[in-house]
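Quick note on numbering: the sequence shown equals residues 436 to 1523 in the numbering used here.
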Amino acid sequence: MTRTGILWTLSCLFALVASQSSCPDEDSGLKKWSEDATWNGQVPQKGDDLVIENGDKLLLDTSPPSLGSITIQAGGLLVVADKMDISLSVKYIKIQGEMHVGSENCPFTGKLHITLQGNLGEYDIPGFGEKFIGVENGGVLEIHGEYRLPWTKITNTVDKIQYISNVRNIDIAQEGNDTDNIGQNIRALVIYVFNEQTGVLESAAQLVNTNGKVRNFPNNVAAAKQILDDIPAGKIVGLALKRRFRVERVDPSGLFDMLEEWAYGTVDKTSLQFRDYKFHGAWALIKKQGDDSTTQELLLNDDGKNIRIAELYHVENDIKFGVRSWVHTIKRGKCYSRGKSSLAQYSLPVINVVDDTETWRTGDTVALMSTDFDWKQTEFGTIVDCPSCTSNQIQVNIEPEFTHFGEIYKNVDMRGEIALVNRNILIEGGPADKDEKIGGHVKFLKGFKTVQVKNVELNRMGQQTSLGNYPLHFHMCEDVDDRTKPSLLSGNSIHNSFARCITVHGSHGAQVKDNFCFNTIGHGYFLEDGGEKRTVLDGNLGAGQKRGKLIKSDMNPTTFWITNPQTYVRNNVAAGGDGHGFWFIYPDSPVGPSADLGFMDKFEAMHTAIFEFDNNVAHSNGKSGLFVDNILQSDGSLKSSNMYEPWNDPKDSESGAKMVTIRKLTAYKNMKENAWINGGLFKVTESSFSDSVIGLTFKRSSPQNQYIDKSVFIGDSPNAGSPTVISSGGTSKTYPRSVPLAFADQPRQGFVFYHGPVFVDDTFFGDFEDTDNYRSGALGFQRDNDGHSSPISAVSGIKFGFSDPSEGNRVFDGNATDNGFSGLDGDLIGTFRDSDGSVFSAGSQIVKDLPFHSTSNCYQRSNWKMMACTNTFGQVRLTWNSKATGVAKDVSIYRDDLPDNPIESDARKNAPFMAILGEGYGYLAKLNGNMPTSVAFKGLGFTETKTARIGLCVPRDATISIRFLDLNSASEGNKWSQGVSLSTINDLVSSTNAKNYFLDSDVGVIFFNMMHEREYDTSDVQDCLDDRCPTVVVKITGGDSSDSDCTSRAFEKYKRESRDSSPETEITALPTSDLYPPTSWGAGSSRD
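Structure (structure tokens):
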């Protein structure tokens, strides 16, 4: 052992005795720290640096003085004695040998409190920094705390408290108003007197203070005694210290004696805790007048905290009476006292839970998670004795400011989580100078032999001052699932962290199970570089991730930040934070220290299917519940689209697409959207979404399709939260239920169609009714969409739990007159096909309500702002070099029978428009400006018979050529054929040759038929058959590029006879399908 420069070699002090024991502290070869013989009479002193050398075996069975450090060298052993209450204060513990606190078969049942001390920059140990427990090559760290159920779910709603009386300081007239009331500046003992039958606070006043002349203090005490003596028996009396009580300027003995006799019935100079009051102490007392057996008293002195709260309560006649003394040791003007009363059913609720809570005990602290949009509605309480409670019930001393929902509604499990905060082992970072955000950290390096940390509480850990220092951290360990024992972090409670909760960095096979992570700066559960493979995230609960600056992405803090698809994610809950709940984001190849270690090939992650995502819950997040998008770049910044396209073999593009299954996701009350999924072959199944602006949006950045089935979408559920008041510009608006603040008046959308194709089958929608503040629609489309979407996306087997339009809207898509919508090109082409009539009618297509789309086979649904048409629609996209100088930026599209109702489309996203197929309709494109040298047309959803005639205005004096993509040459790459000219437009109308065209140079127009070479069959799910879109390129050479408008000439010559294009106005009610979803649809219970 080394102590301040003196080397202590324990192996020289005693001989080792080999022995085996199931409990590590029962090893007979251990030498006790508490025995002088262990140290030859030289016991470690404050500040010593202790080295446990090879062969040393030491049992920590006492609380030593604060040490400098402990280094356990290879072959050394430190074991903590069980069944004791031990505190260890140390700057760091470095482990090359072994440290054991309990074992897997013999959990530690005593109490252990490790405090990691130090200030920023005091020292720097290579590989670890400062304030740490660190495990090096060959090291073993096993900490097995007593098993305590980490968290469970409530099964009854915990209601917001309703106070009978609630008075801060002494101003009863300002009950419940904490902003400006009488008594804010007093320094006194305050007395509160309650009616024991009604709970009403009858009086609140200063009882006694130390102000005024010292010689008058005895008279003040006598007056206080008279006040106490005059209180009728049975009244509930609370006393609380408001701010500082200056006992040093008076003789308080008479006051102490008087209070002791009143409170305890005798003066023994020991019963009254207030006798030990010190500056900045908090003190409270409560009793039933006339019954000394009911007296409770609490004094808090010198507990090392800036805020001290002495709070007590008494229950009488099913009413809870409370008194509080709240002291801030720095901001003394903030100090206050409070007297309050409430029905015990609200402030001492019995809470039913899913799991057996026999491992939870009276006095334990629990966290009741938010079930609303704001994660800050998480509230803390203390378990109280409840003789009548079953094993699935607890009674909690808590005064909820918010309602915590506890029901499964229509297969959406919105039962709030309740977590146990404390453990019998506590590791925490000691306070640092200047309030530096530098807590302790526990770090494991490459080559460790065993790491298992189970059932430990970690508080004030992590460091915002530098990278790499987190509460629990596998650091560049490579494979960690090749050990005899799993590398496991389980059952831990991590809170108030300055940086993350659990980090897996450059390590593969770590198991992270059943942990509770709350109130962190930056991400919570963190996979760092993108090379971390085979991580298991199972049964973890996290919430309270706040914005930080340690890395760029911490500005979007995420509870589960997952940078590698080779991750198992199951049974977890992201219960709210400032950013996303779950974020899957991959780099093209691993970044940071993992960049050159060969963990993943370049683009391998982009083409690897997520190993598992099953039975996870996300709620109360400031952004999305589940977010799958973006690419992590080497500098920590993000690219906008993930280009995710999973293959069967991630390294072989010819191996075929591999499906990613998102199963049993429950997402509700997420501020921006419940889920956003970008990428390829995804299937969302048996999932539930509720109470968000958007339920689920699929975005596609690869040529693969997306599916959803057996799922449930709810608009506004009974989980209403509290009414919301939003103030802006001197006015305020009240909403009858909680709303996402930044999106309060935005429409509510269940499933949102975006790129597609996406196929929605066997899915239930309920509670999508318009309110006075916002519109709602079960099915909708991406808003403010300047992009494209598929014309063949489809739905089938849809069930609606409401009647349309009287109780809600099956579909809604607004326009620029509606809040949250615009008139961008992508907004105009929103569509899906109703395959089986479960939305409107079998075979119909839902399209935007525009004359351009309208036929006599369309039915307007005014509440949808859409039409349902029995026609089949495809989509045409135009591209040209719109960036060239002077070239047109947008295009007008005319239907050949409706020349007066064109639509405008621009080149930003391929200038799309919808085309009616197979019924002889024709379309004419006119570029609004100078012509480019070529224009390309691509058709989606076209077949051999589902065709449309397309025309393009061209300069009359230009040389025009046209070529067609060969649709049967995919295996040979793109091959093109020159078009075959026909003599008349009638020849083109009757032609079945996909490469025919007709050019009228006098008019300045060229026509062709957009068609494919075969029909769709039941296995075809792509926009373009055989992944080959009919594509036509018109080349313009020479001529007057400004001669781009042929419309007047073309319609004079080629306008078709007007058809009856007026749609029917459909006012028929669409009935409720089923009030409730089938039991197998949706995620249902997420914890049984």
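From the three backbone atoms N, C-alpha and C, an ideal C-beta is built for every residue, glycine too.
Worksheet entry | Residue from Phe837, Ser826, Lys1145 and Thr794 with nearest C-alpha to valine 788 | Ser826
Worksheet item: How close, in whole Å, do the beta carbons of alanine 516 and leucine 495 come, if the pair is a contact with beta carbons under 8 Å?
Response: 6 Å
Discussion item. Output needed for valine 1246: all residues of its chain with C-beta closer than 8 Å, excluding positions within five of it in sequence on either side, in chain order.
Written reply: Gly1212, Ala1213, Leu1214, Gly1215, Val1274, Ile1281, Arg1296, Trp1299 and Met1301
Worksheet item: Which one or two residues does DSSP pair with proline 1022 in a beta bridge?
Response: Leu1067
Worksheet entry | Own chain partners of serine 1396 with C-beta closer than 6 Å, once the 5 adjacent residues on each side are dropped | Lys1470
Practice prompt. Pull up the CB-CB distance for tyrosine 627 and glycine 669, whole angstroms please, since I reckon it's below 8 Å.
Written response: Wrong, their Cβ atoms sit about 15 Å apart, outside the cutoff.
Worksheet entry | Cβ contact check for the region 586–594 and the region 835–855: 3 or more pairs under 8 Å | yes
Worksheet item: So is alanine 1177 buried or exposed if we call it buried at 16+ other beta carbons inside 10 Å?
Response: exposed
Worksheet item: What are the boundary residues of the alpha helix (DSSP H) that includes glutamate 1487?
Response: 1482–1489
Worksheet item: Quick one: Cα of glycine 875 to Cα of leucine 907, how far?
Response: 10 Å
Worksheet entry | Identity of the residue in Ser922, Asn489, Lys1145 and Leu855 nearest leucine 1524 by Cα | Shown here, the chain extends from 436 to 1523; a query on residue 1524 therefore has no answer.
Worksheet item: What are the partner residues of glycine 1519, as DSSP defines its beta bridges?
Response: Val847
Worksheet item: Rounded to a whole number of angstroms, what is the C-alpha to C-alpha distance between lysine 1107 and isoleucine 1129?
Response: 7 Å
Item to complete: With DSSP as the reference, label threonine 614 as helix, strand or coil.
Response: For threonine 614, the predicted structure reports a pLDDT of 46, less than 50, and the residue's modelled location is therefore unreliable. The matter cannot be settled from this model.
Worksheet item: So tyrosine 781 is in the alpha helix (DSSP H); what residue range does that whole segment cover?
Response: 779–782
Worksheet item: Do you know offhand how far asparagine 1109's Cα is from isoleucine 1143's?
Response: 15 Å
Worksheet item: How is glutamate 470 classed by DSSP in three states: helix, strand or coil?
Response: coil
Item to complete: Starting from the Cα of asparagine 991, find the closest Cα among Ser457, Gly1060 and Gly965 and give me that residue.
Response: Gly1060
Discussion item. Comparing C-alpha positions only, which one of Ala1040, Tyr1103, Asp1475 and Gly1272 sits nearest to histidine 1015?
Written reply: Tyr1103
Practice prompt. Name the residue from Asp692, Gly490, Thr764 and Pro667 whose alpha carbon lies nearest to the alpha carbon of phenylalanine 714.
Written response: Thr764
Item to complete: Compare the Cα-Cα distances from aspartate 1422 to each of Gly957, Asn1444, Pro1367 and Asp1437 and report the closest residue.
Response: Asn1444
Item to complete: Output the distance between the C-alpha atoms of alanine 1319 and alanine 1155, rounded to the nearest integer angstrom.
Response: 54 Å
Worksheet entry | Cβ-based burial, arginine 650 [other Cβ within 10 Å; buried from 16] | exposed
Fill in: Exposure of isoleucine 1227, with buried meaning 16 or more beta-carbon neighbours within 10 Å
buried
Worksheet item: In terms of alpha-carbon separation, which member of Val1193, Gly1278, Arg1098 and Asp703 lies closest to threonine 1305?
Response: Gly1278
Worksheet item: Do asparagine 475 and phenylalanine 883 have their C-beta atoms closer together than 8 Å?
Response: no
Worksheet item: Hey, out of Gly851, Val888 and Glu1501, whose CA is closest to valine 570's CA?
Response: Val888
Worksheet item: Do isoleucine 721 and phenylalanine 756 have their C-beta atoms within less than 8 Å of each other?
Response: yes
Discussion item. Contact between the region 693–701 and the region 737–748 is defined here as three or more beta-carbon pairs at a separation below 8 Å; is this criterion met?
Written reply: no
Item to complete: Decide if the region 1357–1368 is in contact with the region 1477–1488; the criterion is three or more beta carbon pairs, one per stretch, under 8 Å apart.
Response: yes
Worksheet item: Can you tell me whether threonine 1378 is buried or exposed, with buried defined as 16 or more other CB within 10 angstroms of its CB?
Response: buried
Worksheet item: Is asparagine 1077 closer than 8 Å to aspartate 1087 when the C-beta atoms are compared?
Response: no
Worksheet item: Taking Cβ positions, are glycine 435 and serine 1224 nearer each other than 8 Å?
Response: Residue 435 lies beyond the residue range present for the chain, which begins at 436 and ends at 1523; the question has no answer from this structure.
Worksheet item: Which two residues bound the contiguous alpha helix (DSSP H) that contains proline 1347?
Response: No alpha helix (DSSP H) contains proline 1347, which is instead part of the beta strand (DSSP E) from 1347–1352.
Worksheet entry | Buried or exposed (CB count within 10 angstroms, at least 16 for buried), serine 1515 | exposed
Discussion item. Extract the residue ranges of the beta strand (DSSP E) inside the region 681–765, only unbroken runs of 3 or more that lie entirely within it.
Written reply: 717–723, 726–735, 742–751 and 754–763
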